[in-house]
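Protein chains in written order, with our numbering: chain G, 1213 to 1325; chain V, 5 to 116.
These notes concern the structure reproduced below.
Laid out in structure tokens, this is it:
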């Protein structure tokens, strides 16, 4: 059984660009959540996907969007990057949307210059 | 609004001592109370969790104590080891909700 994996590990972009981050959920899990963790802060919920549909969203603007694929892997897309988007982006998978326990990947460190 | 408040922000404990981290919350609808451990460069990992129908749960050296009336729960690490040095987050959740609500984190350092 493999855990949650994310790619890439690190990414550097410039302001105004677009970025796509990828996540493979743990085997047998159909729900993926994305979080943003600014330096020195706790993670903040961006949104969750369940069976390819968005299933809840945090307080993030529409330029943050996502996808979930039939194999339950997921993408996070951020358009029109801003300096404040620099953060660690974490993906977490859970067995089902009603399951409390979420298993986190190692994250993608995004730096916006 | 700050729904979840952790204390202290940082903590230094000698090897073999007891580390205690507290979490205060406002939302009385929370019904799942986990603690996550995060090492530098890694994602958070679930350490231990409790439901409000019990006041204490112990797993090895880690214990959660839950006080529903005070809206607080705490993590106790007994016989703290240098390998426990990490950042700890409380992250309660309501039943059926999608998100974990993380605290600001507590940076724990165990001195050898």
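Note that beta-carbon positions come from the ideal geometry of N, C-alpha and C, so glycine has one too.
If you're wondering where the values come from, they're calculated on a predicted model, not measured in any experiment.
| message | Less than 7 Å between the beta carbons of residue 1280(G) and residue 1261(G), yes or no? | response | yes
| request: For residue 1310(G), count neighbouring Cβ atoms within 10 angstroms of its own Cβ and tell me buried if that reaches 16, exposed if not. | output: By the neighbour-count rule (16 or more Cβ atoms within 10 Å), residue 1310(G) is not buried but exposed.
| request: Put residue 1268(G) into one of helix, strand or coil per three-state DSSP. | output: strand
| field | Residues in the region 74–94 of chain V having any Cβ partner in chain G nearer than 8 Å | value | 93
| field | Interface residues of chain V facing residue 1313(G) [CB-CB closer than 8 Å] | value | 38, 50, 53
| request: Pick out whichever of 60(V), 95(V), 112(V), 58(V) has its Cα sitting closest to the Cα of residue 1(V). | output: Since the first residue of chain V shown is 5 and the last is 116, residue 1(V) is not available in this structure.
| field | Own chain partners of residue 1224(G) with C-beta closer than 7 Å, once the 5 adjacent residues on each side are dropped | value | 1323, 1325
| request: Could you name the residues that DSSP lists as bridge partners for residue 1306(G)? | output: 1243(G)
| Interface residues of chain V around residue 1274(G) at Cβ under 7 Å? | Going along chain V, no residue has its Cβ under 7 Å from residue 1274(G), so there is no contact; the nearest lies around 18 Å.
| said: Closest to residue 1304(G) by C-alpha separation, out of 46(V), 61(V), 11(V), would be which residue? | reply: 46(V)
| field | Environment of residue 1293(G) [buried if 16+ CB atoms lie within 10 Å] | value | A buried status is given to residue 1293(G), since no fewer than 16 other beta-carbon atoms sit within 10 Å of its beta-carbon.
| Mind checking if residue 1260(G) is an interface residue toward chain V, Cβ cutoff 7 Å exclusive? | yes
| task | Compare the C-beta of residue 64(V) against all C-beta atoms of chain G and say whether one is closer than 7 Å. | result | Judged by the 7 Å Cβ criterion, residue 64(V) is not in contact with chain G.
| said: By the three-class DSSP mapping on this structure, what secondary structure does residue 1278(G) have? | reply: strand
| Collapsed DSSP secondary structure at residue 1325(G) in the structure displayed | coil
| Can you tell which of 116(V), 107(V), 114(V) has the C-alpha that lies nearest to the C-alpha of residue 29(V)? | 107(V)
| Under 7 Å between the Cβ atoms of residue 116(V) and residue 1316(G)? | no
| Less than 7 Å separating the beta-carbons of residue 1318(G) and residue 1256(G)? | no
| request: Pick helix, strand or coil for residue 1293(G), following the three-state DSSP scheme. | output: coil
| message | Here's the rule I'm using: 16 or more other beta-carbon atoms within 10 Å means buried, otherwise exposed. How should residue 5(V) be labelled? | response | The predicted position of residue 5(V) is uncertain, since its pLDDT is 48 and thus under 50; a value taken from the coordinates is nonetheless stated next. With fewer than 16 Cβ atoms within 10 Å of its Cβ, residue 5(V) is classed as exposed.
| message | Cβ closer than 9 Å: which chain V residues qualify as neighbours of residue 1245(G)? | response | Simply 102, 103, 104.
| request: Answer yes if the region 1262–1273 of chain G comes into contact with the region 6–20 of chain V, meaning at least three C-beta pairs across the two stretches below 8 Å, and no otherwise. | output: no
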